[in-house]
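Scroll down for the structure; my scribbles are underneath it.
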Amino acid sequence: MKKVLGIFSLVLLTFLFLNSRTTGNEVSWGYKLKDKKYEGTIEYKDSKISHDVQKVLTKLKTMGVTKSNLKEFKIEELSTPLVKIDKDGNIQVYIYLSEIKDTHLEQLKALEVRVESVNREYSIVQGWAPFYNLEEISNLGFVRKITPPSYGKTKSGSVVTEGDVVIGSNDVREILGFDGSGITVGVISDGVDEIAVSQSTGELPDNIIIGIEGKGNEGTALLEIIHDIAPGAQLAFSSGLTDIDFIDSIRFLTSIGADVIVDDLGFLQEPFFEDGRVSKEVQNSISKGVVFVSAGGNDADQHYQAVYVDGGAINENIKHVHDFGKAAGQDSNPAMRILIPPLQSTICVLQWNDQFGKSSNDYDLFLFDSSTGELIDYGIEIQNGDDNPIELAVASNTSSDNFRGVDIVINLFKGVPKTLEMFFSSSVVPVNFNVPEDSVYGHPAVPNVIAVGAVSVKNPDTIEEFSSQGPSTIFFPFFESRPKPDLVAPDGVSTSLTDFNPFFGTSASAPHVAGVVALILDKNPTLQPSRVKEILGETALDLGQPGFDNVFGFGRVDAFEAVKSVDQQSSRNEDTRESNGGGCSLAKPSPYNGKEAVANAAIFVLAITVLRKALKGKRA
Numbered sequence: 124m125k126k127v128l129g130i131f132s133l134v135l136l137t138f139l140f141l142n143s144r145t146t147g148n149e150v151s152w153g154y155k156l157k158d159k160k161y162e163g164t165i166e167y168k169d170s171k172i173s174h175d176v177q178k179v180l181t182k183l184k185t186m187g188v189t190k191s192n193l194k195e196f197k198i199e200e201l202s203t204p205l206v207k208i209d210k211d212g213n214i215q216v217y218i219y220l221s222e223i224k225d226t227h228l229e230q231l232k233a234l235e236v237r238v239e240s241v242n243r244e245y246s247i248v249q250g251w252a253p254f255y256n257l258e259e260i261s262n263l264g265f266v267r268k269i270t271p272p273s274y275g276k277t278k279s280g281s282v283v284t285e286g287d288v289v290i291g292s293n294d295v296r297e298i299l300g301f302d303g304s305g306i307t308v309g310v311i312s313d314g315v316d317e318i319a320v321s322q323s324t325g326e327l328p329d330n331i332i333i334g335i336e337g338k339g340n341e342g343t344a345l346l347e348i349i350h351d352i353a354p355g356a357q358l359a360f361s362s363g364l365t366d367i368d369f370i371d372s373i374r375f376l377t378s379i380g381a382d383v384i385v386d387d388l389g390f391l392q393e394p395f396f397e398d399g400r401v402s403k404e405v406q407n408s409i410s411k412g413v414v415f416v417s418a419g420g421n422d423a424d425q426h427y428q429a430v431y432v433d434g435g436a437i438n439e440n441i442k443h444v445h446d447f448g449k450a451a452g453q454d455s456n457p458a459m460r461i462l463i464p465p466l467q468s469t470i471c472v473l474q475w476n477d478q479f480g481k482s483s484n485d486y487d488l489f490l491f492d493s494s495t496g497e498l499i500d501y502g503i504e505i506q507n508g509d510d511n512p513i514e515l516a517v518a519s520n521t522s523s524d525n526f527r528g529v530d531i532v533i534n535l536f537k538g539v540p541k542t543l544e545m546f547f548s549s550s551v552v553p554v555n556f557n558v559p560e561d562s563v564y565g566h567p568a569v570p571n572v573i574a575v576g577a578v579s580v581k582n583p584d585t586i587e588e589f590s591s592q593g594p595s596t597i598f599f600p601f602f603e604s605r606p607k608p609d610l611v612a613p614d615g616v617s618t619s620l621t622d623f624n625p626f627f628g629t630s631a632s633a634p635h636v637a638g639v640v641a642l643i644l645d646k647n648p649t650l651q652p653s654r655v656k657e658i659l660g661e662t663a664l665d666l667g668q669p670g671f672d673n674v675f676g677f678g679r680v681d682a683f684e685a686v687k688s689v690d691q692q693s694s695r696n697e698d699t700r701e702s703n704g705g706g707c708s709l710a711k712p713s714p715y716n717g718k719e720a721v722a723n724a725a726i727f728v729l730a731i732t733v734l735r736k737a738l739k740g741k742r743a
């Protein structure tokens, strides 16, 4: 089967003003077309190899690259945020099999597939396959399809985080005497490239447990923040650069006894309107007693969601363009414009509310240059009843000085109106039609996950404009409007790492909450995840609208109030708690009887509580 999309001519109005006048031809619904038109057609080959990988193979063929001459080319430069290829011609892929058998793995290895991970539950092999063997691999009877991996998107936008004082965790350690001892906190992020440096300077302890090392340094930054909040906690790390790695890391951290797991990754190829495989694995870990904390996302200022509105035809082939303007109650406009910062790339991800693996509504995605009308990229996968409701396209800005304008056009090739939703893999600036609401997606939207939004450490009563907002709308297996985020915590804080000082985004906020959870569990390790989440909500400082709202959740986390409210169930006696400064403890008899001790402790905590409330304004 082929989709043939004929000659495109799209206009883009002046760089920042979609409604300004420009030379061109008017179509009946008011959008202007450039005089220059595209020649030729776009052909889609129905294959087991995804269209995104096919586009790379087509480029290699056009360049004349073969197995024997590939060293003559810098083919690694063909890599995009969506498809990665190395200098030896290997493309990182997910190979979906009918089932996982040792004989199948041997056949893949015989075709030079370098296997990284095997997920038997979903029958996926993650690895690197040479481009010149992909067609032969796809022809194997047990291979169902070949796609790029689902890559994680980080949520970031003697050093101690300033958030320690803002959320009161310093008072928990100094006044209440809890530091996270006996609790294991696992981190899933990109990597820990400079962890040895942080350990050598005393920012991190030497005994961190490492699973998948990954690549990058954001994981090191998260670990530093947790260690500042809960210095007694055992720390662990495992990378989640792909969603299969993420699932493996959850299982690893759970297997070593993690009490808390915190992550700052989002997977834009996971379903927006239902729980995907990452969400299901997160739910599984929570059912085993793990408290799961997740960065809520930085997408409130770069998100789109609306029900499809037919805007008519652009030409004889593109007949049912989504009208962004009418969908927003404005004048007709067939394009959402974004600006890409200098030297940046982004993946535009479109989904609609069909169930994964069952979509028969066929939407297509096109990206055009705002200045020239040039077609940059497109997603035109076929949805014919057993496919995923998703299209992806990539746009890059090679300029080192200027933003690049990109116009996003959505066409309904076949089907009925559905709810459309778009996210982006990196920071972009929408010029129009941005929708802040409903911008929490994926596993942070799981009900028992603690999804964390961001407030500035310098102004901790004000939400960061990028902090993702709720609710999170789920359609399958039944309709739900999930209240999110759950809490907010500071960002813009200090770490010892050059690239994360200051450290912005919900990536910086989430580890503050994870550290607080360690303090709570230090006082009462018997608490279940649902009760920990309740305690955090009940004791949070209410911000925004009274009560819960979809911007701040229950409010800013308050470590002191949270830990103070917990009934202590620890077997350890507070009088024999180890001091922060040494490795031995000193026990001495109390001069009070039990009732007197309780009464005096209550008076002391009450006095400190009053003092903290009086000082809150100064701390903020």
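Following our numbering, the numbering of the sequence shown begins with 124 at its first residue and continues without gaps.
Glycine included, each C-beta is placed from N, C-alpha and C at the ideal position.
- Gly638: member of the alpha helix (DSSP H) spanning Thr629 to Lys646, first to last residue.
- Nearest in C-alpha terms to Leu364, of all of Asp387, Glu347, Ser378 and Ala356, is Asp387.
- Per the coordinates, the alpha-carbon of Thr189 lies some 10 Å from the alpha-carbon of Phe196.
- Judged by their CB atoms, Ile384 and Phe415 are nearer to each other than the 8 Å cut-off.
- Gln357 carries a strand assignment under DSSP once its states are collapsed to helix, strand and coil.
- Residue range Ile247 to Pro253 is occupied by the beta strand (DSSP E) that includes Gln249.
- In the DSSP assignment, Leu257 falls within the alpha helix (DSSP H) that extends over Leu257 to Ser261.
- Under the 8 Å Cβ criterion, the stretch 249–261 counts as touching the stretch 206–222, having at least three qualifying pairs.
- In this structure the stretch 428–444 touches the stretch 531–545; the number of beta carbon pairs closer than 8 Å is three or more.
- Straight through space, the alpha carbons of Asp424 and Ser604 are spaced by roughly 21 Å.
- With respect to Pro457, Gly434 sits close: the two C-beta atoms are nearer than 8 Å.
- Cβ-Cβ distances below 7 Å link Glu259 to Leu234 in the same chain, with the five nearest sequence neighbours on each side left out; the list follows chain order.
- Gly508 is classed as exposed because its beta carbon has fewer than 16 other beta carbons within 10 Å across all chains shown.
- In the three-state reduction of the DSSP assignment, Glu514 falls in the strand class, which pools E and B.
- For Val640, same chain residues with a beta-carbon under 7 Å away, outside a window of 5 residues either side, are Val383, Val414, Val416 and Val655 in chain order.
- Counting the other Cβ atoms within 10 Å of the Cβ of Ala344 gives 16 or more, which makes it buried.
- DSSP lists Gly389 as the beta-bridge partner residues of Lys276.
- In terms of Cβ geometry, Glu285 and Pro634 do not form a close pair [threshold 8 Å].
- One alpha carbon belongs to Gly593, the other to Asn673, and they sit about 5 Å apart.
- If you check the CB distance, Ala436 and Lys442 come in under 8 Å.
- By the C-beta density criterion, Pro600 is exposed, having fewer than 16 other C-beta atoms within 10 angstroms.
- With 16 or more neighbouring CB atoms inside 10 Å of its own CB, Leu220 falls in the buried class.
- According to the DSSP assignment, Ile208 belongs to no alpha helix (DSSP H), since it is labelled neither H nor E.
- Relative to the Cα of Gly420, the nearest Cα in the group Ser202, Leu610 and Gln474 belongs to Leu610.
- For Gly380, the three-state secondary structure derived from DSSP is coil.
- Taking every protein chain shown into account, the CB of Leu466 has fewer than 16 other CB atoms within 10 angstroms, so this residue is exposed.
- Under DSSP, Glu544 forms a beta bridge with Gln428 and Gln474.
- 8 Å or more divides the Cβ of Val529 from the Cβ of Ser579.
- Counting along the chain, Phe683 sits inside the alpha helix (DSSP H) bounded by residues Ala682 to Ser688.
- Under the 8 Å Cβ criterion, the stretch 616–626 does not count as touching the stretch 556–567, having fewer than three qualifying pairs.
- The C-beta of Ala319 has fewer than 16 other C-beta atoms within 10 Å across all chains shown, which makes the residue exposed.
- The beta carbon of Lys232 sits closer than 8 Å to those of Val238, all from its chain and outside the five residues before and after it, given in chain order.
- In the DSSP assignment, Pro652 falls within the alpha helix (DSSP H) that extends over Pro652 to Thr662.
- A Cβ-Cβ separation of about 7 Å places Phe489 in contact with Asn534 under the 8 Å criterion.
- Per DSSP, Gln406 is one residue of the alpha helix (DSSP H) stretching across Arg400 to Ser410.
- DSSP places Lys190 outside any beta strand (DSSP E), giving it a letter other than H or E.
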